[in-house]
Amino acid sequence: MSDLEFILCLLGLALLTILNLYRRKQNYSLNLPPGNMGWPFLGETIAYLKPYTATTIGKFMEEHISRYGKIYKSHLFGEPTIISADAGLNRFILQNEGKLFECSYPRSIGGILGKWSMLVLVGDMHRDMRTISLNFLSNARLRTHLLKEVEKHTLLVLDSWIENSTICAQDEAKKFTFNLMAEHIMSLEPGKPETEQLKKEYITFMKGVVSAPLNLPGTAYRKALKSRSIILKFIEQKMEERVKKKTEDNDQNELLGWVLKNSNLSKEQILDLVLSLLFAGHETSSVAIALCIYFLQGCPTAVQQLEEEHIEVSKAKRELGETELRWDDYKKMEFTQCVISETLRLGNVVRFLHRKAIKNVRYKGYDIPCGWKVLPVIAAVHLDPALFDQPWHFNPWRWLQNNTRGSQNATTTSNNFMPFGGGPRLCAGTELAKLEMAVFIHYLVLNFRWELADTDEALAFPFVDFPKGLPIRVQRHAL
Ligand code: HEM
30 MSDLEFILCL LGLALLTILN LYRRKQNYSL NLPPGNMGWP FLGETIAYLK PYTATTIGKF
90 MEEHISRYGK IYKSHLFGEP TIISADAGLN RFILQNEGKL FECSYPRSIG GILGKWSMLV
150 LVGDMHRDMR TISLNFLSNA RLRTHLLKEV EKHTLLVLDS WIENSTICAQ DEAKKFTFNL
210 MAEHIMSLEP GKPETEQLKK EYITFMKGVV SAPLNLPGTA YRKALKSRSI ILKFIEQKME
270 ERVKKKTEDN DQNELLGWVL KNSNLSKEQI LDLVLSLLFA GHETSSVAIA LCIYFLQGCP
330 TAVQQLEEEH IEVSKAKREL GETELRWDDY KKMEFTQCVI SETLRLGNVV RFLHRKAIKN
390 VRYKGYDIPC GWKVLPVIAA VHLDPALFDQ PWHFNPWRWL QNNTRGSQNA TTTSNNFMPF
450 GGGPRLCAGT ELAKLEMAVF IHYLVLNFRW ELADTDEALA FPFVDFPKGL PIRVQRHAL
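Letter by letter, the sequence shown follows residues 30 to 508 in this note's numbering.
Here it is as structure tokens:
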């Protein structure tokens with residue numbers, strides 16, 4: 030190192046130290062929430078990420094809330110962070126997206142989902158990608174197109190279940206949601222070798238998305254990066270096929286053909302959009318379906334009420350000589366919607382969101398400094414006994430409009446319910462996810478009884494997973 034380089038290094042270090050001291054001095058004059066910043070750099074990340082039962086908030090949250098309250102500071106994922114288990118602050122954060130707060134997922138997520146992924150984008154580019162996704166997942170498309178697709182893929186999975194056999198419910202739910210998304214996005218047919226190959230790559234890819242971002246030989250993250258490039262090549266090939274076929278001939282019912290014809294996104298942007306929609310649309314709803322199967326096997330009265338509701342729907346259809354489900358049938362599934370809400374409240378598929386403050390913010394007397402990470406923990410609100418009666422109980426009846434079981438009113442319940450996030454980044458697939466769950470429940474309760482074949486439970490890693498894959502024994506019955 031030359032003398033000049035040495036002096037420059039010293040100057041750089043001095044500048045960093047001064048900046049740090051300045052920041053600390055600034056922070057001293059702020060009224061930060063109470064909390065513990067933990068170890069240098071690591072902070073409290075390891076304790077925060079320790080797996081726990083998904084129907085609880087975990088030891089870390091429990092201890093921190095009882096020591097510091099529902100809003101506290103910590104140091105997570107290498108950054109100073111405000112953690113919020115406060116329903117009001119969570120709503121405030123999500124509604125002020127782009128004004129006071131901004132989506133801010135760890136850099137490793139961008140590395141694997143791509144820099145054009147919707148989870149990572151902010152500002153105008155996010156708005157453009159969101160418009161495309163919403164267009165494609167609109168209520169009109171759900172009615173005219175997606176309902177049929179959802180029904181077809183549900184039956185494909187359920188018809189393959191063998192009487193009195195043990196099946197891995199989590200894998201079956203994944204098969205259903207993956208096949209649905211792959212067909213809807215790129216017209217891939219279920220069971221075909223190319224679809225199966227893509228599914229295999231996707232499993233490796235997913236393991237990396239949720240693993241530690243260590244790009245070293247043999248790590249899940251490195252393998253996932255390799256799968257990412259294989260998946261992207263596959264999508265690129267599909268794009269080229271459509272370009273050759275000329276856009277006018279392309280199937281406008283699939284996202285890829287539609288985007289090629291109706292948007293001016295670059296190739297790289299389309300690739301990341303397709304990859305992240307496959308991810309967002311298949312992982313979450315499959316976990317939700319597995320959770321529903323799990324909660325229902327522990328609540329026979331809910332299964333009985335579901336059976337009554339769905340027998341009613343199918344009886345009315347038989348009388349009209351219809352077989353396929355229609356939108357009106359879906360709208361009749363009122364108790365089913367309660368089961369779906371309760372599954373999402375208690376199971377918390379997405380437990381917390383990543384944001385950062387883009388301005389200095391003051392909330393309930395606390396300062397949230399510009400640049401700090403902010404984690405709205407939606408699971409902590411859903412499991413808060415001050416907001417939900419006996420929150421650890423699976424009680425779908427709490428969602429009925431004229432709820433007679435428990436002292437809550439339905440408005441309080443829905444105001445504090447945010448399984449799909451909120452504000453300008455509210456999940457684009459909210460309605461599709463609910464439709465998938467309802468149609469799956471319809472055919473499940475009409476055709477099967479099930480019980481756990483082995484003990485298993487949902488754990489939060491923090492992504493929700495059943496360690497044994499939720500093995501269930503199924504028996505056919507025709508109602
Ligand atoms: C039960 C199932 C689902 C749950 C619990 C869920 C949850 C969420 C949540 C909490 C967010 C907000 C993320 C944030 O603000 O940082 C989100 C975003 C998103 N979800 Fe879902 N989701 C589900 C199903 C789906 C499905 C089926 C799709 C269909 C493709 C989908 C597509 C998306 C997209 C595109 C975004 C990004 C929206 C944006 O940034 O504007 N999701 N989801």
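Beta carbons: idealized from backbone N, C-alpha and C, even for Gly.
Computed from a predicted structure; not experimentally measured.
In terms of residue numbering, what span does the alpha helix (DSSP H) encompassing residue i cover?
i, result
"cysteine 321", "296-326"
"lysine 262", "249-273"
"cysteine 399", "First-last for cysteine 399: undefined, no H or E at that position."
"threonine 372", "363-376"
"isoleucine 141", "136-142"
"leucine 105", "Here leucine 105 belongs to no alpha helix (DSSP H); instead the beta strand (DSSP E) covers 100-105."
"threonine 233", "222-238"
"isoleucine 89", "Just to set this straight, residue 89 is phenylalanine in the shown sequence, not isoleucine. 87-97 is the span of the alpha helix (DSSP H), which, as asked, contains phenylalanine 89."
"glutamate 338", "329-349"
"isoleucine 122", "116-124"
Looking only at its chain, what residues have a beta carbon closer than 6 Å to the beta carbon of residue i, apart from the 5 residues adjacent to it on each side?
i, result
"tyrosine 77", "Phe89 and Leu105"
"valine 239", "Phe492"
"alanine 457", "Ser162, Leu163 and Leu166"
"glycine 435", "Because glycine 435 carries a pLDDT of 49, less than 50, the predicted location of this residue cannot be relied on, and the following value inherits that uncertainty. Result list for glycine 435: Asp418 and Arg427, in chain order."
"alanine 116", "Val410 and Asn445"
"glutamine 199", "Ala319, Phe495, Gly498 and Leu499"
"histidine 383", "Ser133 and Tyr134"
"histidine 311", "Thr206, Phe207 and Met210"
"histidine 182", "Phe205, Asn208 and Leu209"
"histidine 339", "His471, Val474 and Leu475"
"lysine 228", "Phe207"
"tyrosine 97", "Pro63 and Gly64"
"proline 448", "Leu373"
Figure out for me which residue from the options has the closest Cα to the Cα of residue i.
i, options, result
"leucine 416", "Lys361, Ala114, Pro496 and Ser305", "Ala114"
"isoleucine 161", "Gly286, Glu178, Phe130 and Asn193", "Gly286"
"cysteine 367", "Val332, Ile141 and Ser103", "Val332"
"leucine 320", "Leu499, Pro69, Tyr101 and Leu243", "Leu499"
"lysine 463", "Asn208, Trp356, Leu185 and Ser305", "Trp356"
"lysine 252", "Ile260, Glu265 and Gly237", "Gly237"
"glutamate 363", "Arg384, Leu375 and Glu341", "Glu341"
"aspartate 157", "Ile299, Ile470 and Arg96", "Ile299"
"isoleucine 387", "Gly117, Val378, Trp401 and Phe381", "Trp401"
"proline 80", "Ile501, Lys497, Leu488 and Pro496", "Leu488"
"valine 303", "Arg96, Ser146 and Ile86", "Ser146"
"isoleucine 86", "Pro414, Val272, Pro62 and Thr110", "Pro414"
"aspartate 483", "Glu201, Ile501, His174 and Ser216", "Ile501"
"leucine 404", "Pro109, Gly67, Ala249 and Leu461", "Pro109"
"glutamate 486", "Thr84, Leu354, Glu192 and Leu373", "Thr84"
"tyrosine 101", "Lys128, Met66 and Leu294", "Met66"
"valine 288", "His93, Arg159 and Leu123", "Arg159"
"leucine 261", "Ile322, Glu218, Pro222 and Phe234", "Phe234"
"methionine 466", "Ala202, Glu126, Gln430 and Trp68", "Ala202"
"leucine 123", "Phe381, Ser443, Leu481 and Gln430", "Phe381"
"aspartate 358", "Arg136, Ile138 and Arg172", "Arg172"
"threonine 442", "Arg347, Pro425 and Glu283", "Pro425"
"glycine 127", "Leu481, Glu460, Val468 and Gly451", "Gly451"
"tryptophan 421", "Trp68, Glu225, Thr82 and Arg136", "Thr82"
State the start and end residues of the unbroken beta strand (DSSP E) segment that holds residue i.
i, result
"alanine 386", "384-386"
"tryptophan 509", "An answer regarding residue 509 cannot be provided, because it is not within the stretch 30 to 508 covered by the chain."
"leucine 109", "The sequence given here has proline at residue 109, not leucine. From DSSP, the beta strand (DSSP E) with proline 109 extends over 108-113."
"proline 500", "500-505"
"glutamate 73", "Premise fails: glutamate 73 is in no beta strand (DSSP E) and is neither H nor E."
"threonine 195", "195-197"
"valine 390", "390-392"
"phenylalanine 130", "130-132"
Kindly list the residues whose CB is nearer than 7 Å to the CB of residue i, restricted to its own chain and excluding five residues on each side of it in sequence; keep chain order.
i, result
"phenylalanine 121", "Tyr392"
"glutamate 336", "Val474 and Leu508"
"phenylalanine 423", "Phe324, Gly327, Cys328, Glu371 and Leu375"
"asparagine 60", "Gly394, Tyr395 and Asp396"
"glutamate 297", "Trp145"
"valine 503", "Trp190, Ser194, Ile196, Phe477 and Trp479"
"valine 390", "Leu129 and Ile397"
Mind checking if residue i is an interface residue toward chain C, Cβ cutoff 8 Å exclusive?
i, result
"alanine 487", "Looking for chain C here will not work: only one protein chain is present."
Ordered along the chain, which non-local residues of its own chain (more than five positions away) have a Cβ less than 8 Å from that of residue i?
i, result
"leucine 142", "Leu148, Val149, Val238, Asp301, Leu304, Ser305 and Phe308"
"histidine 506", "Asn476, Phe477 and Arg478"
"glutamate 230", "Ser256, Ile259, Ile260 and Phe263"
- the segment 403-410 contacting the segment 304-318, beta-carbon criterion three pairs below 8 Å: Contact between the segment 403-410 and the segment 304-318 is absent, because fewer than three Cβ pairs lie under 8 Å.
- Is it true that the segment 145-156 meets the segment 123-133, where meeting means three or more beta-carbon pairs spaced less than 8 Å apart? Contact between the segment 145-156 and the segment 123-133 is present: 3 or more CB-CB pairs across the two stretches fall below 8 Å.
- Item | the segment 249-268 contacting the segment 178-189, beta-carbon criterion three pairs below 8 Å | Too few Cβ pairs lie closer than 8 Å, so no.
- Task: Flag this pair as touching only if the segment 66-77 and the segment 92-106 have three or more C-beta atom pairs under 8 Å; answer yes or no.
- Result: The segment 66-77 is in contact with the segment 92-106.
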